[in-house]
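Engineer:
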Amino acid sequence: MSEQAKTVRIGLAGLGTVGGGVFQNLIQNKELLHGRLGITLDVTAIAVRNPDRDRGFPVDRQLFVNDWKDLVADPEIDIIIELIGGTTEAKDLVLAALRSGKSVVTGNKALLAEHGAEIFKVVEETGQAIHYEAAVAGGIPIIKTLLESLVGNHIVSAYGIINGTCNYILTRMATADLSYGEALKEAMDKGYAEADPTLDINGMDAAHKAVIIASLAYGSWLPSDSMHVEGIEAVELIDMQFASKLGYSIKLLSVIKGHDDGSIEVRTQPSLIPLDHILASVHGVFNAIAVHGDIVGETLFYGSGAGQNPTSSSVISDLADAAMAIAGSKPRSSFVPHGIYGKPVAIEDTTSRYYLRLEAEARPGVLAQIAGLLADHQIGIISVLQPDEGQGQDPQTAQLILTLHEARYGDAVAARDAIAQLSCILDKPALFRIETLDPQ
Ligand code: HSE
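Heads up, the sequence shown is in this note's numbering, so the first residue is 6 and it goes up one at a time.
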């Protein structure tokens, strides 16, 4: 840590998709992070292969160094983030950083799956820390969950859909009747698949992640070449169609199970899973991991398994942990006031769409009165449904079901109350919110 109070200095190796995201996100949320951690996270040097490349965002060229060895040699740097990928140079970098007394953050699943035992031996010898949340399932905090939240559990099993590219391809085959080749091409055209998608479709990317999950869950670093792995190349459209008829969906599923005799089952294969299981609803590029603990029971972790910002979110979480340890900060409190937010929103000012059910007199002009009152409150109608008269229903009354555009709750309630006063309305209206569950 620098002499300057509570500034932790970071060397970033690699400024590609994830590195660029981390660099920008640390600037974007600097105030929030400082408020929460009481520490400034300062990227002081970045090792890049090509300093002249246009990154698409501003970056001070003075931060650039040509060689990751310059980061390791810099005594001012506390933490090195390894985002160069591969397993050769990245391994040299990680081991050198640990041996020079620096903490390491990495998102490199292949490196950990193939060399985890050796790396963690050096971690133990040096007393330094390595953090790797971004190595498994991008933005889903599964590593921390296994290390911390489920610390009191024997892990009975974990079932993971942990390769977004494969899940996208299988989803498109299932839902759009695309052939495997057409779905792969679409994934590549949309930029979901890597330029060389071999490691995705042959299952190795998921297998690497499964090895890391299994090693964490069962406490011994497993050799990655002993795991069974099959890719999705053999899945044909006809398999999707038959699976669906039988009540199943086909997913590239990683299965991780500890057996009573101490053996560990780890395999990644295209597998049929029941359509009514929640994992069958994980579509497109999303990932999910269902973890069963002996105490907690069934849990599910779902989210973006790849992409710049989700992966960066995990790297920053690791950075925060490494920085807190370096700064000698007390463990994070269960509540940290940071003063950026605070004023509650009045319920009247919250907005959503609405469902409005009315029982009205069945006569001309009723709908016009209702629409008029809604318009008076600046509320538009999305749809109107008037179910056919049911058997035994009074022909003088009509059920009207309206869906309404996004509006202030205060306006929706006022409109509902005004409508309730109309002489044509025969019962208390029912107003419910429609939540589209969009993230914003
Ligand atoms: N290529 C991976 C995927 C993301 O498609 O899920 C990085 O592991």
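C-beta: ideal position from N, C-alpha, C; glycine also.
Is the beta carbon of residue 255 less than 9 Å from the beta carbon of residue 277?
Structural biologist: yes
Engineer: Any idea what DSSP makes of residue 183, helix, strand or coil?
Structural biologist: coil
Engineer: How far does the beta strand (DSSP E) with residue 294 in it extend, from its first residue to its last?
Structural biologist: 291-298
Engineer: Note down the Cα distance separating residue 197 from residue 181, rounded to an integer number of angstroms.
Structural biologist: 17 Å
Engineer: Using 8 Å as the threshold, is the region 396-411 in touch with the region 364-382, meaning 3 or more CB pairs across them?
Structural biologist: Enough Cβ pairs lie closer than 8 Å, so yes.
Engineer: Can you find a heavy atom of the ligand PLP that lies under 8 Å from the Cβ of residue 241?
Structural biologist: Judged by which ligands are present, the ligand PLP is missing from the structure shown, whose ligands are the ligand HSE.
Engineer: If we call anything under 9 Å between Cβ atoms a contact, is residue 375 one with residue 36?
Structural biologist: Taking a C-beta distance under 9 Å as the contact criterion, residue 375 and residue 36 do not qualify as a contact pair.
Engineer: Express the C-alpha separation of residue 116 and residue 7 in angstroms, rounding to a whole number.
Structural biologist: Since pLDDT at residue 7 reaches only 49, below the 50 mark, its modelled position is unreliable, and the value read off the structure follows with that caveat. Distance between the alpha carbons of residue 7 and residue 116: 30 Å.
Engineer: With DSSP run on the structure shown, which of helix, strand or coil describes residue 307?
Structural biologist: strand
Engineer: Bridge partners for residue 358 per DSSP, in chain order?
Structural biologist: 439
Engineer: Beta carbon of residue 16, beta carbon of residue 89: below 9 Å?
Structural biologist: no
Engineer: Given the structure, does residue 167 come close to the ligand HSE, in the sense that its CB is under 8 Å from one of the ligand's heavy atoms?
Structural biologist: yes
Engineer: Under the criterion of a Cβ to heavy atom distance below 8 Å, does residue 170 qualify as lining the ligand HSE?
Structural biologist: yes
Engineer: Out of curiosity, what's the CA-to-CA distance linking residue 107 and residue 60?
Structural biologist: The straight-line gap from Cα to Cα measures roughly 27 Å.
Engineer: Kindly indicate the opening and closing residues of the beta strand (DSSP E) around residue 410.
Structural biologist: 402-413
Engineer: Helix, strand or coil: how does DSSP classify residue 198 here?
Structural biologist: coil
Engineer: Only counting the same chain, and skipping five residues up and downstream in sequence, which positions put a Cβ closer than 7 Å to that of residue 138?
Structural biologist: Residues of the same chain with a CB within less than 7 Å of the CB of residue 138, apart from the 5 flanking positions on each side, are 146, 148, 149, 319, 322, 323 in chain order.
Engineer: Name the residue from 238, 387, 162, 410 whose alpha carbon lies nearest to the alpha carbon of residue 265.
Structural biologist: 162
Engineer: Pull the bridge partners of residue 45 from the DSSP assignment, please.
Structural biologist: 12
Engineer: Out of 417, 316, 370, 340, which one is the CA nearest neighbour of residue 24?
Structural biologist: Of the candidates 417, 316, 370, 340, the one whose C-alpha sits nearest the C-alpha of residue 24 is 316.
Engineer: If you compare alpha carbons, which of 311, 310, 295 is closest to residue 304?
Structural biologist: 295
Engineer: What's the C-alpha gap between residue 248 and residue 92?
Structural biologist: The straight-line gap from Cα to Cα measures roughly 38 Å.
Engineer: Look at the alpha carbon of residue 218 and the alpha carbon of residue 141, and state the distance between them as a whole number of angstroms.
Structural biologist: 8 Å
Engineer: Any heavy atom of the ligand HSE inside 8 Å of the beta-carbon of residue 13?
Structural biologist: no
Engineer: Quick check on this structure: which residue in 172, 343, 99, 286 has the alpha carbon closest to the alpha carbon of residue 42?
Structural biologist: Looking at the Cα atoms, 343 is the closest of the given residues.
Engineer: Nearer than 8 Å: is that true of the beta carbon of residue 198 relative to any heavy atom of the ligand HSE?
Structural biologist: yes
Engineer: One question on the structure: do residue 160 and residue 82 come within less than 9 Å of each other, judged by their Cβ atoms?
Structural biologist: no
Engineer: List the endpoints of the continuous alpha helix (DSSP H) containing residue 94.
Structural biologist: Unbroken alpha helix (DSSP H) run through residue 94: 94-104.
Engineer: From residue 177 to residue 240, what distance separates their C-alpha atoms?
Structural biologist: 12 Å
Engineer: Does the beta carbon of residue 329 come closer than 9 Å to any beta carbon on chain D?
Structural biologist: The chain inventory of the structure shown lacks chain D, comprising one protein chain alone.
Engineer: For residue 366, list the residues DSSP reports as bridge partners.
Structural biologist: 402, per the DSSP bridge assignment.
Engineer: At a cut-off of 8 Å, would you count residue 459 as near the ligand HSE, judging by its Cβ distance to the nearest heavy atom?
Structural biologist: Residue 459 is absent from the structure shown; the chain starts at 6 and stops at 445.
Engineer: Let me check one thing: in DSSP terms, what residues is residue 256 bridge-paired to?
Structural biologist: 276
Engineer: Measure how close the beta-carbons of residue 103 and residue 87 come, nearest whole angstrom, since I'm counting them as under 8 Å.
Structural biologist: The pair is not a contact, with the Cβ atoms about 11 Å apart (cut-off 8 Å).
Engineer: Among 195, 154, 246, 269, whose alpha-carbon lies nearest the alpha-carbon of residue 231?
Structural biologist: 269
Engineer: For a test of the three-state rule: what should DSSP assign to residue 331, helix, strand or coil?
Structural biologist: helix
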